[in-house]
Amino acid sequence: MNELNFVAQHDDMRLDQMISCVIEAYSRSSARELIKKGLVKVDGKVGKPSTIVAVGQQITAIIPEHQKTSLQPQKIELSVIYEDESLIVIDKPAGLSVHPGPGHPDGTLVNAVMALCPDITGVGEENRPGIVHRLDMDTSGVIVVAKDDRSHRALSDQFKNRTVTKKYVALVDGNMDQKKAIIDGPIGRDPHDRKKMAIVENGRDAKTEYTVTERFAQFDCLGVKPKTGRTHQIRVHLCSVGHPV
1238 MNELNFVAQH DDMRLDQMIS CVIEAYSRSS ARELIKKGLV KVDGKVGKPS TIVAVGQQIT
1298 AIIPEHQKTS LQPQKIELSV IYEDESLIVI DKPAGLSVHP GPGHPDGTLV NAVMALCPDI
1358 TGVGEENRPG IVHRLDMDTS GVIVVAKDDR SHRALSDQFK NRTVTKKYVA LVDGNMDQKK
1418 AIIDGPIGRD PHDRKKMAIV ENGRDAKTEY TVTERFAQFD CLGVKPKTGR THQIRVHLCS
1478 VGHPV
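Structure representation (C-alpha cells):
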C-alpha cells in the first residue's frame, strides 16, 4: 500500500472526480471503488464518492500496489528496421499497443519483442521491459526498444531531455488557417469523459508545432512536431482548432 497526501486545489468538486484528476491511472469508476473501500479520507474522515471537496482540504488516499503482471513472449509479426546488441528499432503498425494495459493484457509490442529478444525481460520497468517511449495504439511509427540496462538508461535520458526529435505525419479534416503555427493549450482528462483527454483549464502545459506539407480540397497533410509529450497530444490539439485527425 502507498499513501498519497495532497491539498485540494479546486472548489465544489466531487471526491471521486478529484481523485481521478490527481491520479492519472484512475478512472472515475476506479476512484469510486477506492473511496467505497474506505481508503480515501477528507480532513481525516472517510469520504464518500459524492463528498464535495473544498479548496484547502487535506486528502489522504491509500493506493493499493498493482498486482504484478505475468508477461509472456508471443510470436507476433513485427517489421524490424534496425537491430544491434544494444537496441532494436521497430515500425509499429496502427492498432498494436506498445505495452499491456487495461483492455489489452497481452498481444502487445512488448510481448512480441520478448519473443524476439528473450534477454530483454529484466530491462527497465517490469511490465514494459525495454520501453523508453511510446506511441498511441492507433498511431503507426518508429519505436526504439533498449536491449540492456545501459542502453535503457541512455535512451531514457535522451527522451527525457528531449534531445530526440519526434516527427509525425497527420492527415486532418479541412484546411488549416495558417500553413505553419504552434498550438498551445493545456491538456488533461476530459471532465465529462474520464477516458478521454481534452484542453482543460488546469491541465498540463502542451505545445504542438505543425507545418502544412500538402493541401487537398478537403484535407491537409501536416508535418507535426510535439514540443511536449502529453497523452494524445496531437489529436487533442488538432481537434481543438477544428481540424481533427
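Quick note on this note's numbering: the sequence shown kicks off at 1238 and runs consecutively.
Virtual Cβ for every residue (Gly too), placed ideally from N, Cα, C.
This one's a predicted model, so the numbers in the text were calculated from it and none came from an experiment.
| Item | Value |
| --- | --- |
| Give me the Cα-Cα distance between Gln1309 and Val1360, rounded to the nearest whole angstrom. | 15 Å |
| Mind the definition here: the segment 1380 to 1392 touches the segment 1361 to 1368 only if three or more C-beta pairs lie below 8 Å; say whether that holds. | yes |
| Assuming Ser1323 contacts Met1374 under a Cβ cut-off of 8 Å, what Cβ separation, rounded to an integer in Å, is found between them? | Not quite, the Cβ-Cβ distance comes to about 27 Å (not below 8 Å), so this is no contact. |
| In the structure shown, what three-state DSSP assignment does Lys1305 receive? | Note on Lys1305: pLDDT 48, under 50, position unreliable in the model; no value is reported. |
| Which same chain residues end up closer than 6 Å to Ile1313 when comparing Cβ atoms and leaving out the 5 residues on each side of it in sequence? | Ala1349 |
| DSSP three-state call for Met1255: helix, strand or coil? | helix |
| From Ile1420 to Leu1241, what does the alpha carbon distance come to, in whole angstroms? | 34 Å |
| Pop quiz: Ser1377 and Pro1330 are said to be a contact at Cβ under 8 Å. What is the actual Cβ separation, rounded to whole angstroms? | 5 Å |
| Helix, strand or coil for Phe1456, going by three-state DSSP, please let me know. | strand |
| Quick check on His1336: does DSSP put it in helix, strand or coil? | coil |
| Out of curiosity, what's the CA-to-CA distance linking Thr1422 and Lys1444? | Note that residue 1422 is Gly in the sequence shown, not Thr. Straight-line Cα distance between these residues: approximately 7 Å. |
| What residue range is occupied by the uninterrupted alpha helix (DSSP H) comprising Met1434? | No alpha helix (DSSP H) holds Met1434; the beta strand (DSSP E) holding it covers 1430 to 1436. |
| Any idea what DSSP makes of Leu1372, helix, strand or coil? | coil |
| Can you tell me whether Ser1388 is buried or exposed? The criterion is at least 16 other CB atoms within 10 Å of its CB, across all chains shown. | buried |
| Counting Cβ pairs closer than 8 Å, one from the segment 1401 to 1414 and one from the segment 1450 to 1470, do we hit at least three? | yes |
| Quick check: what's the CA-CA separation for Ile1256 versus Ala1268? | 6 Å |
| I'd like to know if the segment 1338 to 1347 and the segment 1291 to 1300 are in contact, where contact means that at least 3 CB-CB pairs between them fall below 8 Å. | no |
| Which residue's Cα is closest to the Cα of Lys1462: Val1369, Val1437, Lys1404? | Lys1404 |
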